[in-house]
Amino acid sequence: MNIFADESQGLFHLQSKGTSYIIQVTDGYPAHVYWGAQLRHDSSLSGALELRERSSFSPTPLLSKTTLSLDALPQEYPQYGTSDFRRPAYQAQLADGTRLTELKYAGYVITPGKPVLEGLPAVYAENEDEAQTLELTLKDDYAGLTVTLLYTVFAHHSAIARSVRFEHQGEAPLRLEQALSASVDFADSAYDTLHLSGAWARERHVQRRPLIPGAALSLESRRGSSSHQTNPFLALLRHGADEHQGDVYGFSLVYSGSFAAAAEVEQFGQTRVSIGINPFDFSWLLEPGQSFQTPEAVLVYSGEGLGGMSRTYHRLYRTRLCRGVHRDQARPILVNNWEATYFNFDADKIAAIAKEAGPLGIELFVLDDGWFGKRDSDNSSLGDWFEDRRKLPEGLNDLAARVNREGLQFGLWVEPEMISPDSELYRSHPDWCLHAAGRRRTEARNQLILDLSRPEVCDYLYETLSSVFASAPITYVKWDMNRNMTEIASANTSPERQKETAHRYMLGLYDLLERLTSRFPDILFESCSGGGGRFDPGMLFYMPQTWTSDDTDAIERLAIQYGTSIVYPASSMGAHVSAVPNHQVDRITSLATRGDVAMSGNFGYELDLTKFTDAEKTLAAKQVAQYKEIRTLVQQGDMYRLQSPFEGSGDTAWMFVSEDRTEAFVAYFRVLATPNAPITRLALKGLDPALDYVIETGAADQPAGHGSDESAAADHSTEPFQPAFGGTPLGGDRLMTIGLTVSDLRGDYASCTFRLRAVQR
Ligand code: DGJ
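If you're matching positions, the sequence shown starts at 0 in numbering that gives the first Met the number 0 and goes up one per residue.
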């Protein structure tokens, strides 16, 4: 890690672990020279920016090269209106109505560590040796605008964190119409794009396609949240790069609201990638003396394919985005009552499930929706955060005590950002929701959204939730959010600031979360938005895990969890075993397979344990024991994806390896049975080729030749793993080349798992 600044040459060379990023100030414009594998720093780098003069219709304002247009200059923070016709990174409207500004380089500072982004989630450094930050200052004196580009490099991560600060020192108000977090111009277009798209219950499917000249890949959310449909992430992969090799460039936005990301190929074959707050329906008024800080974009370079990029994001987000006491702690195995009971429960039913969970080794009970107000369905009570004495006659505290007596911690579901029109809160404060005066208030799931851009609404939520969280021994909170925004307007905001509402909402939410998580540091928070509708780095800053999807079907989850792992670590993914037929897709899979899929995230159950047969209980107890053996590996190890559900048969495999490479956990999932299929060998990754490993199979898996969970449960040994390959250790080199042979699996939707441990031969 190092930042070299040669001001006489206008050159800035940023070295993060394993990567270099080079900026050359040209005629006052910070131009982008290079981003990729790390380079030695020497004086020759100042000649690396090649500017070719070309014929085009684009005007040519650059003084030193009379025929060079900004339209051809690769830029760090491109502006609008002075000859660059590509996508700008920002646009400002001055008091006279004009929309052009011209930012020119005005100086720099380099500071150790990483500054906090006031009011926004961001990656952090724990000490000054871990990171270094370059602030490049640009000025437009006519507008009175100062723009600071922030770049942080890291000693231990091949990442660069970028954001932008606008400060207005002019005399009349100025309106930002657009303020992206980062823009990078690549010299050519021999790349594929990769992004994560989906829908509710089908989140984050991997989409890859080549860039096309003259066209842009444009990703966005206009929903007021990062969305089920498109994740705030975009990558470029060099042609030929794959999971394990080749150059990959990731762009991930630390933001939970509407965003935009784009990759466009222009006339000279260059590619511009940008990411930030969605300019659609956004503007921000800057009065003289005011400033605006954009969210942060985290740029990751990998020379080791997509897998290398993902592992960098995983490590960085796990250790320097997530915070709090739970960051490095083993996450509890839970049972949640949502798919077990929906709204139909009482205290005795909950206690009965907890009673079954204790002997299985489950550690936490989560009471989901329906415990408050008069909520017997989804058509009332959001906002009335007091216990429903019809269902919980002795109250929450008493129920928590009953759950605790079964040996489980107690967790609670809330959906604080919402308000039901049928609620006491709405009857008292009908103007507290997002709405436009005189217009219909569009409901979704019979609910409206509280206007978190209003401080008094956030204060009310802070007080109310604080008293709920303090009212019982609550160690876990699931924070849900079940609709997208409509009628984005605030009763509290002046007409000229209405387009600030969606971002002000996010700032209000972040502030509320900061206050609550600081006041309740021991509570483990999990975010949720109808499953994965807000699975983004912004939420992970406050809550280290997210409910990955409302789709709990094991086979659908292969694609969802695989796609999610492109950016997010397994420790951030909630993954539960649910009942069959599955409630979302009606598919029937074995308990063994459901367990193996859920074990690749934060493991739990979401079904009525009182309905388990004895055989199912035996199997579940083995699963819980198995997960306890491997959870540190899954939650803190390096993930290697071995086989993609998006390619070929849909069969899927992945593995987790400890940092010292002495332990690994491998999971393989075969979707449909095939007669006379070739032998399946998994070429493992990330092991130490010089070490030998003993291999064991998961005792809770479905053994070959048997089709039922009864048979897996029939083995009464309490050991969660059993020796494989006759107990003979196998070399890491062999396992990574010849591979690990998967024994024949029978039936559809089958799976098997392996634990590897290094031994002295
Ligand atoms: C949506 C969540 O994703 C579910 O897990 C559950 O908590 C329901 N909301 C409750 O309404």
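All C-beta atoms in this analysis are idealised placements derived from N, C-alpha and C, irrespective of residue type, glycine included.
Applying the 10 Å Cβ sphere with the 16-neighbour rule, what's the burial state of Thr563? Thr563 sits buried, since 16 or more C-beta atoms from the chains shown fall within 10 Å of its C-beta.
Candidates Ser19, Gln37, Pro58 and Gln23: which alpha carbon is nearest Leu48's? That would be Gln23, whose Cα lies nearest to the Cα of Leu48.
Contact shell at 6 Å, judged by CB to any heavy atom of ligand 1, ordered along the chain: Every residue passing the under-6 Å Cβ criterion appears here: Trp337, Asp367, Asp368, Trp412, Asp479, Asn481, Cys527, Gly529, Gly530, Trp546 and Asp549.
Quick one: which unbroken beta strand (DSSP E) runs of 3-plus residues sit fully inside the segment 130-199? Chain order, please. Unbroken beta strand (DSSP E) runs of no fewer than 3 residues, entirely contained in the segment 130-199, are found at 130-139, 144-153, 158-167, 173-185 and 190-198, following chain order.
Determine, using beta-carbon pairs with one atom in the segment 186-200 and one in the segment 165-172, whether at least three such pairs fall under 8 Å. By the Cβ rule, the segment 186-200 does not count as touching the segment 165-172, because fewer than three pairs are nearer than 8 Å.
Taking 8 Å as the limit between beta carbons, can you name the residues of its chain near Pro287, skipping five residues before and five after? For Pro287, the CB contacts under 8 Å within the same chain, skipping 5 residues up- and downstream, are Gly143, His167, Gln168, Gly169, Glu170, Ala171 and Pro172 in chain order.
Beta-ladder partner(s) of Met572, from DSSP: According to DSSP, Met572 bridges with Thr545.
Using a Cβ distance threshold of 8 Å, determine whether the segment 566-582 contacts the segment 260-267, with at least three qualifying pairs required. Cβ pair count under 8 Å is below three, so no.
What is the rounded straight-line gap between the Cα of Asp595 and the Cα of Asp552? Spanning the two alpha carbons is a distance of roughly 12 Å.
Check whether the Cβ atoms of Ala614 and Glu709 lie closer than 8 Å to each other. Result yes, Cβ atoms of Ala614 and Glu709 sit closer than 8 Å.
For Asp421 and Gly372, I'd like the C-alpha separation in whole angstroms. Looking at the two C-alpha atoms, the distance is approximately 10 Å.
What is the DSSP secondary structure of His705, counted as helix, strand or coil? Any answer about His705 is weak, because its pLDDT of 47 lies below 50 and its placement is not dependable; what the coordinates show is given next. In the structure shown, His705 sits in coil (DSSP, three-state: anything other than H, G, I, E or B).
Which residues in the same chain as His705 place their Cβ atom closer than 6 Å to its Cβ, once the five residues preceding and following it in sequence are excluded? Bear in mind that a pLDDT of 47 at His705, under 50, signals an unreliable position, so the model cannot answer this.
Measuring only the C-alpha atoms, how far is Glu242 from His313? Going from the Cα of Glu242 to the Cα of His313 covers about 15 Å.
Short check: CB of Leu407 to CB of Phe468, under 8 Å? Their beta carbons are not under 8 Å apart, which means Leu407 does not touch Phe468 by this criterion.
Straight-line Cα distance separating Asp280 from Trp653: One alpha carbon belongs to Trp653, the other to Asp280, and they sit about 41 Å apart.
With burial defined as no fewer than 16 other Cβ atoms inside 10 Å of the residue's Cβ, what is the status of Asn581: buried or exposed? Per the 10 Å Cβ criterion, buried.
Flag this pair as yes or no: are the beta carbons of Ser225 and Ser255 separated by less than 8 Å? Going by C-beta atoms, Ser225 is nearer than 8 Å to Ser255.
Would a C-beta distance cut-off of 8 Å place Thr151 and Thr132 closer than the cut-off? Yes, the Cβ-Cβ distance between Thr151 and Thr132 is below 8 Å.
Taking just the CA atoms, how far does Thr66 sit from Trp546? Across the structure, Trp546 and Thr66 are spaced so that their CA atoms are roughly 54 Å apart.
Taking three-plus beta-carbon pairs below 8 Å as touching, is the segment 728-737 in contact with the segment 687-697? Counting Cβ pairs under 8 Å, three or more are found: they touch.
Is the number of C-beta pairs between the segment 341-360 and the segment 592-611 that are closer than 8 Å three or more? Contact annotation: the segment 341-360 touches the segment 592-611, with at least three C-beta pairs closer than 8 Å.
My understanding is that Val576 touches Ala597, with C-beta atoms under 8 Å, so please give their C-beta distance in whole angstroms. Cβ atoms of Val576 and Ala597 come within 8 Å of each other, at about 5 Å.
C-beta atoms of Asp70 and Arg85 nearer than 8 Å: Closer than 8 Å, so yes.
Closest by C-alpha distance to Asn230, when choosing among Asp246, Ile211, Arg201 and Pro209: Measuring from the Cα of Asn230, the nearest candidate turns out to be Arg201.
Endpoints, alpha helix (DSSP H) assigned at Met505: For Met505, the uninterrupted alpha helix (DSSP H) segment begins and ends at Thr500 to Arg518.
In terms of alpha-carbon separation, which member of Val122, Asp5, Ser182 and Ala88 lies closest to Trp34? Closest by alpha carbon: Ser182.
Helix, strand or coil for Val579? Go by DSSP, reduced to three states. Here Val579 sits in coil by DSSP.
Look at the Cβ atom of Gly276, then the Cβ atom of His502, and state whether they are nearer than 8 Å. Contrary to the premise, residue 276 reads as Ile rather than Gly in this sequence. Taking 8 Å as the Cβ cut-off, Ile276 and His502 qualify as a contacting pair.
Three-way DSSP call (helix, strand, coil) for Met638 in this model: Strand.
Straight-line CA distance for Leu179 to Ser273? Their backbone Cα atoms lie some 7 Å apart in a straight line.
Among Arg754, Ile21 and Arg319, the one whose alpha carbon lies nearest that of Gln74: With distances taken between CA atoms, Gln74 lies nearest to Ile21 out of Arg754, Ile21 and Arg319.
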